[in-house]
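Residue numbering for the sequence shown follows UniProt numbering, beginning at 1 and increasing consecutively.
One structure below.
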Amino acid sequence: MTAGAILTASEMKGFEQDGAPGDEGGWSLMCRAGQAAADRIAIRAAGREILILCGPGNNGGDGYVAAARLRDLGLRVRVAALIEPESELCRRARDLWVSEVESPEVGARAGIFVDAVFGSGQDRPLSDKIVAAIGRLANAAELRIALDLVSGSGCDDGADLGAPYHAEETLVFAAWKPAHALYPAAGFMGHLDMIDIGLGEPKAELRFNSPPEAIPSPATSHKFDRGTVLVAAGHMPGAAWLAARAAQRGGAGYVTLAGYTDAFPPSSVVQMAAGEIDADRQDAAVIGPGLGRGEESRALAQRIIDIGCPLVLDGDILSWMKPDDVPPASVLTPHEGEFRRMFGNLPGSKVERARTAASRCGAVVCLKGRDTVIASPEGAAVVNDHAHPRLGTAGSGDVLAGLVGAELARGRAPFEAACAGVWRHGDAGCRGRDGLIAEDLLDLIR
Ligand SMILES: NC(=O)C1=CN([C@@H]2O[C@H](COP(=O)(O)OP(=O)(O)OC[C@H]3O[C@@H](n4cnc5c(N)ncnc54)[C@H](O)[C@@H]3O)[C@@H](O)[C@H]2O)[C@@H](O)CC1
Ligand SMILES: Nc1ncnc2c1ncn2[C@@H]1O[C@H](COP(=O)(O)OP(=O)(O)O)[C@@H](O)[C@H]1O
1 MTAGAILTAS EMKGFEQDGA PGDEGGWSLM CRAGQAAADR IAIRAAGREI
51 LILCGPGNNG GDGYVAAARL RDLGLRVRVA ALIEPESELC RRARDLWVSE
101 VESPEVGARA GIFVDAVFGS GQDRPLSDKI VAAIGRLANA AELRIALDLV
151 SGSGCDDGAD LGAPYHAEET LVFAAWKPAH ALYPAAGFMG HLDMIDIGLG
201 EPKAELRFNS PPEAIPSPAT SHKFDRGTVL VAAGHMPGAA WLAARAAQRG
251 GAGYVTLAGY TDAFPPSSVV QMAAGEIDAD RQDAAVIGPG LGRGEESRAL
301 AQRIIDIGCP LVLDGDILSW MKPDDVPPAS VLTPHEGEFR RMFGNLPGSK
351 VERARTAASR CGAVVCLKGR DTVIASPEGA AVVNDHAHPR LGTAGSGDVL
401 AGLVGAELAR GRAPFEAACA GVWRHGDAGC RGRDGLIAED LLDLIR
């Protein structure tokens with residue numbers, strides 16, 4: 001679980017300049033970063049030789065500083081350079097090392113491989129020659145540690161720029177970068193370890209999702225105070241049923257399934273025909289899971305939209321609703337396919353695409369996946385990494401829709417409701433076991 005602000009490469013540069021003005025272009029920051037990294041690497045060395053592969057920029061500079069420190073600590077360390085230093089700081093750090101710098105093509109393997117080739121400055125795919133050189137040394141080591149980012153990761157969009165290996169650990173300097181959160185790159189990094197280099201807490205419009213604060217229940221509260229959720233029931237009853245149950249487990253005091261309810265057993269979920277809906281009593285509604293796309297389904301959806309309460313829009317409704325028609329207090333929960341159908345092939349990273357979509361429809365967009373991104377129309381965005389691949393199972397998204405519905409009904413604003421629902425859904429998945437099915441999630445929600 002990670003927490004805190006996520007900075008793009010250019011935001012990171014501004015953060016460094018603001019946090020350490022007049023610092024000889026960042027030299028003392030580089031010394032702190034390289035030395036702190038060396039101290040972490042030393043703990044893991046266990047007598048093994050360390051090979052640090054350096055690049056031409058400041059990431060390479062961190063590598064030379066770390067190498068000098070490790071040598072001073074008495075560890076066995078070698079340095080290889082993939083490209084000669086190009087940045088001023090990297091040259092200065094190279095001078096600190098003074099000893100031999102090997103060629104990566106001929107350098108022998110070592111037990112620990114440290115990747116100081118490219119960090120947040122990577123802006124283009126790695127050449128085949130670079131991939132081969134990094135891959136040969138990295139994949140021959142017992143332990144792979146990356147400084148800031150695994151080389152071959154698109155810093156701002158998490159793209160795969162040819163990453164030649166997967167690290168066991170990545171030592172991250174001062175702030176998370178989008179590549180630590182967005183896949184595929186986030187999958188290359190191994191365990192993420194933040195290194196504080198004295199810049200303080202960064203501010204950013206993009207953050208990792210965090211556990212929601214509990215909503216208090218006053219001692220005298222009754223079922224209607226605890227939030228009422230209406231779930232549209234179409235012709236695929238299982239999906240609407242899961243959403244309704246998840247809304248109950250999410251804490252809503254009164255949940256109604258309305259529409260085609262013939263298939264449901266008698267239970268604590270109230271069931272009624274579309275014509276019986278009590279419009280005054282609904283704090284939030286979920287429209288989409290198992291709804292269908294026919295005329296009757298659309299009429300049911302419209303009837304619920306006309307109530308005017310906050311909405312979760314999921315599944316089928318996303319295949320016909322136009323972005324301009326989305327009611328403002330809504331949370332949309334598309335997977336990638338539904339997202340593309342509604343918003344087309346938008347350019348940019350997953351965060352940028354979710355932000356563009358949120359701004360276009362004027363509502364919160366929760367673009368699902370291993371790295372679910374929640375974006376508000378105002379530009380705030382959160383990436384959720386508190387999840388597990390076992391959540392990729394039929395009906396899991398219906399459970400999420402019901403949970404977000406409960407959060408809306410209990411009074412959270414749409415962006416906060418989406419963040420809380422995604423967190424609780426991911427948390428349930430993390431506590432599940434292999435073979436988990438969507439029904440299991442209901443008992444794991446807390
Ligand atoms: N004050 C500072 O200077 C600090 C810098 N830090 C380090 O500095 C890094 C960022 O440094 P830079 O902005 O110099 O960027 P990098 O060192 O990540 O890389 C930039 C260099 O690599 C080249 N390059 C990028 N992609 C390439 C590719 N595919 N093939 C060949 N060459 C490529 C660029 O032309 C440039 O010379 C951070 O990731 C972090 O490791 C940290 O030490 C924190 C403090
Ligand atoms: N690999 C994964 N890791 C974590 N969460 C995942 C993964 N794959 C899917 N999920 C989550 O599972 C849910 C699946 O939703 P969706 O595709 O709408 O399923 P369904 O329509 O079957 O209910 C989403 O919340 C998504 O973020």
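The beta carbon of each residue, even a glycine, is placed where N, CA and C say it ideally should be.
Which of helix, strand or coil DSSP assigns to residue i
i, result
"Leu143", "strand"
"Ser153", "strand"
"Thr228", "strand"
"Thr333", "coil"
"Gln282", "coil"
"Gly259", "strand"
"Tyr183", "coil"
"Met189", "coil"
"Ile6", "strand"
"Tyr254", "strand"
"Gln122", "coil"
"Met321", "coil"
"residue 449", "In this structure the chain extends from 1 to 446, so residue 449 is not present and cannot be described."
"Leu242", "helix"
"Val351", "helix"
Nearest-angstrom beta carbon gap, residue j and residue i [assumed within contact, 8 Å]
i, j, result
"Leu147", "Ala116", "5 Å"
"Leu199", "Ala20", "7 Å"
"Ala401", "Asp278", "Contact flag wrong, Cβ pair sits at about 21 Å."
"Ala263", "Pro237", "4 Å"
"Ser103", "Ala9", "Contact doesn't hold; Cβ gap of about 29 Å is too wide."
"Glu168", "Asp193", "Not a contact, Cβ separation roughly 11 Å."
"Ile197", "Arg32", "4 Å"
Own chain partners of residue i with C-beta closer than 6 Å, once the 5 adjacent residues on each side are dropped
i, result
"His166", "Phe188"
"Leu195", "The sequence shown places Ile at residue 195, not Leu. Around Ile195: Ala36, Leu171, Phe173."
"His335", "Lys368"
"Ser396", "Ala438"
"Arg91", "Pro85"
"Gly288", "Leu313, Asp314, Gly315, Asp316, Ile317"
"Arg76", "Glu49"
"Phe118", "Gly55, Asn59, Ser151"
"Arg341", "Ser319"
"Arg71", "Val77"
Beta-carbon proximity of residue i to residue j, cut-off 8 Å
i, j, result
"Thr228", "Ala358", "no"
"Val269", "Ala246", "no"
"Ile134", "Ile41", "no"
"Val231", "Val286", "yes"
"Ala394", "Trp176", "no"
"Ile317", "Ala301", "yes"
"Ala132", "Val101", "no"
"His386", "Trp423", "yes"
"Leu143", "Leu53", "no"
"Val399", "Leu291", "no"
"Phe343", "Pro323", "yes"
"Ala284", "Pro310", "yes"
"Leu89", "Asn58", "yes"
"Ile374", "Ala406", "no"
"Gly250", "Leu441", "no"
"Tyr64", "Ala93", "yes"
"Ala66", "Gly26", "no"
"His235", "Tyr260", "yes"
"Ala252", "Arg281", "no"
"Phe208", "Val383", "yes"
Same chain only: Cβ atoms within 7 Å of residue i, ignoring 5 sequence neighbours per side
i, result
"Arg390", "Gly429, Gly432, Asp434, Leu436"
"Leu444", "Ala428, Arg431, Gly432"
"Gly379", "Glu205, Arg355"
"Gly162", "Pro125, Leu126, Val131, Gly152"
"Ser28", "Ala20"
"Pro211", "Trp423"
"Met30", "Asn58, Gly61, Asp62, Val65, Leu89, Ala93"
"Asp23", "Leu29"
Per DSSP, the bridge partner or partners of residue i
i, result
"Met194", "Val172"
"Cys366", "Ile374"
"Glu102", "Ala80"
"Cys419", "Per DSSP, none; premise fails for Cys419."
"Cys54", "Ala81, Ala116"
"Phe208", "Val383"
"Ala233", "Gly259"
Neighbourhood of residue i by C-beta, 8 Å cutoff - its chain only, sequence neighbours within 5 removed
i, result
"Gly158", "Pro178, Ala179, Ala181, Leu182, Tyr183, Pro184, Ala185, Ala186, Ser349, Lys350, Asp371"
"Ala258", "Leu230, Val231, Ala232, Ala233, Gln271, Met272, Ala273, Ala274, Glu276, Ile277, Leu300, Ile304"
"Pro327", "Ile305, Gly308, Leu311, Ala363"
Cutoff 8 Å: residue i Cβ touching any chain B Cβ
i, result
"Val150", "Judged by its chain identifiers, the structure shown contains no chain B, having just a single protein chain."
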